[in-house]
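Participant:
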Amino acid sequence: MKDNPKNPDDRLDSLFAEARAGETREEHPREFGFEDRLMRRLAENRVADATAPSLFWQRLAPVSPIVTGLLTLGVITWSAAQVQEVHDMLILTQDALSLSGLFLGV
Amino acid sequence: MTESPAAPPDETLVQQARQGDDDAFAELVRRHKTRVFGISRKFTRNTQELEDVCQEIFLTAYRKLPKFRGDAPFAHWLSRIATNRCYDLLRRRKNRPVDVDFDAIGYSLADDAGETRRRGREAREILERGLQQLKAPERLVITLLELDGRPVKEIASLTGWSESKVKVKAHRARQKLKTLLEEEI
Numbered sequence: 000m001k002d003n004p005k006n007p008d009d010r011l012d013s014l015f016a017e018a019r020a021g022e023t024r025e026e027h028p029r030e031f032g033f034e035d036r037l038m039r040r041l042a043e044n045r046v047a048d049a050t051a052p053s054l055f056w057q058r059l060a061p062v063s064p065i066v067t068g069l070l071t072l073g074v075i076t077w078s079a080a081q082v083q084e085v086h087d088m089l090i091l092t093q094d095a096l097s098l099s100g101l102f103l104g105v
Numbered sequence: 000m001t002e003s004p005a006a007p008p009d010e011t012l013v014q015q016a017r018q019g020d021d022d023a024f025a026e027l028v029r030r031h032k033t034r035v036f037g038i039s040r041k042f043t044r045n046t047q048e049l050e051d052v053c054q055e056i057f058l059t060a061y062r063k064l065p066k067f068r069g070d071a072p073f074a075h076w077l078s079r080i081a082t083n084r085c086y087d088l089l090r091r092r093k094n095r096p097v098d099v100d101f102d103a104i105g106y107s108l109a110d111d112a113g114e115t116r117r118r119g120r121e122a123r124e125i126l127e128r129g130l131q132q133l134k135a136p137e138r139l140v141i142t143l144l145e146l147d148g149r150p151v152k153e154i155a156s157l158t159g160w161s162e163s164k165v166k167v168k169a170h171r172a173r174q175k176l177k178t179l180l181e182e183e184i
């Protein structure tokens with residue numbers, strides 16, 4: 000205990016000192032057999048790691064619906080663009096045929 | 000923990016454990032579990048949490064063994080992992096009062112407990128009420144500094160923070176503790 004127990008700093012120091020002095024130094028009961036339990040868990044983790052999907056797929060799993068949705072949207076947009084292009088080509092061809100018919104007097 | 004003269008040094012065991020020798024890793028655990036329990040028990044609240052944290056620390060160490068370069072002793076490297084794990088534990092917690100099993104964290108009052116132990120337990124109970132209200136970095140630093148009695152330089156090395164950061168956190172933690180415990184102390 001410090002000389003001035005009313006000083007908050009000294010009192011705090013005393014509390015810490017008392018807590019340090021009163022701490023049990025014996026082994027914690029859970030230390031007994033700890034390594035056996037740990038090695039069992041390590042073995043279990045290895046089995047789980049071996050059977051689990053790879054980290055890449057685990058990380059991808061939550062975003063896969065979004066990725067699928069975006070891919071689908073992309074394919075639809077691309078397809079629509081292709082259809083439009085074909086359609087435009089047909090119209091052009093038709094126009095060209097009409098014009099040539101006009102020139103030929105058909 | 001003391002090694003017998005014939006026992007291989009930690010670095011040899013690390014080498015063997017890296018090559019898949021589980022017995023070597025189990026020996027490392029046997030040698031250093033008291034150190035890891037000693038660090039962790041000041042941050043945990045009951046026996047189950049203590050066991051879980053200690054297991055996590057050693058599992059992390061096992062996964063990181065290939066990265067152990069041997070620049071510092073294995074014991075220090077493991078203590079850094081333990082400190083970081085305990086810091087993670089503190090950060091995940093919400094700042095609300097929780098009952099603590101003081102027997103589990105190293106303040107048991109056996110029948111023959113002397114005056115020192117009884118006073119130690121009382122002091123720890125008072126301090127715990129304040130410590131629970133501190134921010135994670137503040138609690139980490141003040142615990143390592145005042146309850147563990149580690150020097151600032153060592154705390155800086157364990158946490159990876161600068162010495163001035165450790166000092167600032169410790170100062171703030173003390174100020175807060177004084178305010179929080181004003182009525183009790």
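Chains as they are written, first to last, in numbering that gives the first Met the number 0: chain A, 0 to 105; chain B, 0 to 184. Note that beta-carbon positions come from the ideal geometry of N, C-alpha and C, so glycine has one too.
1) At the 7 angstroms Cβ level, is M0 (chain B) part of the contact set with chain A, yes or no?
2) Less than 8 angstroms between the CB atoms is what I'm expecting for G32 (chain A) and R116 (chain B), so what's the real figure, rounded?
3) Decide yes or no for the touch test of the stretch 119-135 of chain B against the stretch 152-163 of chain B: beta carbon pairs closer than 8 angstroms, at least 3 of them.
4) Counting only Cβ pairs nearer than 8 angstroms, list the residues of chain B close to R58 (chain A).
5) Using the beta-carbon count (16 or more within 10 Å), is E17 (chain A) buried or exposed?
6) Once the 5 residues before and after R44 (chain B) are set aside, which same chain residues still bring their CB inside 8 angstroms of it?
7) Among B:L27, B:T178, B:V151 and B:L143, which one has its Cα closest to the Cα of F15 (chain A)?
8) By the DSSP assignment, the alpha helix (DSSP H) with R128 (chain B) in it spans what residues?
9) In three-state DSSP terms, what is N44 (chain A)?
10) Grouping DSSP H, G and I as helix and E and B as strand, with all else coil, what is R29 (chain B)?
11) Between A20 (chain A) and chain B, is the shortest Cβ-Cβ distance under 7 angstroms, so that the two count as touching?
12) Leaving aside the five residues before and after A16 (chain B) along the sequence, list all residues of the same chain whose C-beta is less than 7 angstroms from its C-beta, in chain order.
13) Measuring only the C-alpha atoms, how far is L108 (chain B) from R118 (chain B)?
14) So F86 (chain A) contacts chain B; which residues on that side make the cut at Cβ distance below 9 angstroms?
15) Reducing DSSP to helix, strand and coil, say where Y86 (chain B) ends up.
16) Starting from T158 (chain B) and walking both ways along the alpha helix (DSSP H), at which residues does that stretch end?
17) Work out the CA separation of V62 (chain A) and E30 (chain A) for me, nearest whole Å.
18) Do we get a CB-CB distance below 7 angstroms when we pair S39 (chain B) with the residues of chain A?
19) The stretch 120-143 of chain B: which residues have C-beta closer than 8 angstroms to a C-beta of chain A, in chain order?
20) Please tell me whether E50 (chain B) has its Cβ less than 7 angstroms away from any Cβ of chain A.
21) Give me the residue from B:E55, B:L139 and B:K166 with the minimum Cα distance to K152 (chain B).
22) What residues of chain A sit near K175 (chain B), judged by a beta carbon separation below 7 angstroms?
23) Is the CB of V28 (chain B) under 7 angstroms away from at least one CB in chain A?
24) Consider the Cβ of R29 (chain A): report whether some Cβ of chain B lies at a distance smaller than 7 angstroms.
25) Are the C-beta atoms of E17 (chain A) and some chain B residue less than 7 angstroms apart?
26) Is there contact here, the stretch 38-54 of chain A with the stretch 67-81 of chain B, by at least three beta-carbon pairs under 8 angstroms?
Facilitator: Let me spell this out:
1) No answer about M0 (chain B) holds up, because its pLDDT of 49 lies below 50 and its placement is not dependable.
2) Cβ atoms of G32 (chain A) and R116 (chain B) stay farther apart than 8 angstroms, at about 26 angstroms.
3) Verdict: no, contact absent.
4) Within chain B, no residue comes near R58 (chain A); the closest Cβ sits about 17 angstroms away, beyond 8 angstroms.
5) With 16 or more other Cβ atoms inside 10 Å of its own Cβ, E17 (chain A) counts as buried.
6) The beta carbon of R44 (chain B) lies closer than 8 angstroms to those of V97, D98, V99, D100, A103 and I104 in the same chain, with the five residues before and after it left out.
7) Out of B:L27, B:T178, B:V151 and B:L143, B:L143 has the C-alpha closest to the C-alpha of F15 (chain A).
8) Its alpha helix (DSSP H) spans residues E114 to L130.
9) Looking at N44 (chain A) - three-state DSSP - the assignment turns out to be helix.
10) Here R29 (chain B) carries a helix assignment [DSSP, helix/strand/coil].
11) With 7 angstroms as the cut-off, A20 (chain A) counts as an interface residue toward chain B.
12) Contacts found: A23, F24, L27 and L64.
13) About 10 angstroms.
14) Inspection of the sequence shows that residue 86 (chain A) is occupied by His rather than by Phe. The contacting residues do not exist; H86 (chain A) stays about 59 angstroms from chain B at best.
15) Correct three-state label for Y86 (chain B): helix.
16) Counting along the chain, the alpha helix (DSSP H) containing T158 (chain B) begins and ends at V151 to T158.
17) If you draw a straight line from the Cα of E30 (chain A) to the Cα of V62 (chain A), it is about 42 angstroms long.
18) Not an interface residue.
19) Residues R120, E121, A122, R123, I125 and L126.
20) Interface flag for E50 (chain B) against chain A is set, since a Cβ pair is found closer than 7 angstroms.
21) For the residues B:E55, B:L139 and B:K166, the minimum Cα distance to K152 (chain B) belongs to B:K166.
22) Residues of chain A passing the Cβ test: none, with the nearest at roughly 11 angstroms.
23) Answer yes: the Cβ-Cβ gap between V28 (chain B) and chain A drops below 7 angstroms somewhere.
24) Interface residue, yes.
25) Chain B contact via Cβ: present.
26) No, the stretch 38-54 of chain A does not touch the stretch 67-81 of chain B.
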